[in-house]
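Numbering (the numbering used here), first residue to last: 122 to 197.
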Amino acid sequence: MCYQVVELYAACRCLYYQHAVDRCPSYGHHGVEKRTIWVGYSCAAHAAHQAAAANHFTHSSDSGYSSYRSASKGFK
122 MCYQVVELYA ACRCLYYQHA VDRCPSYGHH GVEKRTIWVG YSCAAHAAHQ AAAANHFTHS
182 SDSGYSSYRS ASKGFK
């Protein structure tokens with residue numbers, strides 16, 4: 122049986138690397154079976170997009186309280 126290993130990013134499924142076909146003696150007389158290996162998390166393009174989306178949904182507290190300021194003024 123002939124195999125071809127394809128490495129894809131796990132989250133976005135973009136191609137990381139496609140290996141050459143590992144040929145058996147009957148190459149050309151049957152199909153090639155692809156085997157997928159999941160690597161990393163996401164490609165550079167999707168990682169940047171995911172980071173931007175994550176920053177969009179984060180927000181800081183609007184309570185006005187900051188433990189750093191309170192500690193520096195002697196409040197505990």
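C-beta: ideal position from N, C-alpha, C; glycine also.
Report task. Using only alpha-carbon positions, find the residue among Ser147, Ala141, Val160, Ile158 that is nearest to methionine 122. Result -> Residue numbering aside, residue 122 sits at position 1 when the sequence shown is read from its first letter. Of the candidates Ser147, Ala141, Val160, Ile158, the one whose C-alpha sits nearest the C-alpha of methionine 122 is Ser147.
Query raised in the report: Can you tell which of His167, Tyr124, Gln139, Ser163 has the C-alpha that lies nearest to the C-alpha of cysteine 145?
Result: Along the sequence shown, read from residue 1 onward, the residue named residue 145 stands at position 24. The residue with the shortest Cα to Cα distance from cysteine 145 is Tyr124.
Query raised in the report: So, tyrosine 162 versus alanine 141, is the Cβ gap smaller than 8 Å?
Result: Here the question's residue 162 lines up with position 41 in the sequence shown. Here the question's residue 141 lines up with position 20 in the sequence shown. No, Cβ-Cβ distance for tyrosine 162 and alanine 141 is not below 8 Å.
Requested in this report: Report all residues from its chain with a CB closer than 6 Å to the CB of valine 153; omit the five preceding and five following residues, and keep chain order.
Outcome: Within the sequence shown, numbered from 1, the residue matching residue 153 stands at position 32. Closer than 6 Å at Cβ, skipping near neighbours: Cys123, Gln125, Val142.
Report task. State the CB to CB distance for the pair leucine 129 and threonine 157, rounded to an integer number of angstroms; the pair is presumed to be in contact (CB under 8 Å). Result -> For the purposes of this step, residue 129 is identified with residue 8 of the sequence shown, where counting begins at 1. For the purposes of this step, residue 157 is identified with residue 36 of the sequence shown, where counting begins at 1. With 8 Å as the limit, leucine 129 and threonine 157 qualify as a contact, their Cβ atoms being about 6 Å apart.
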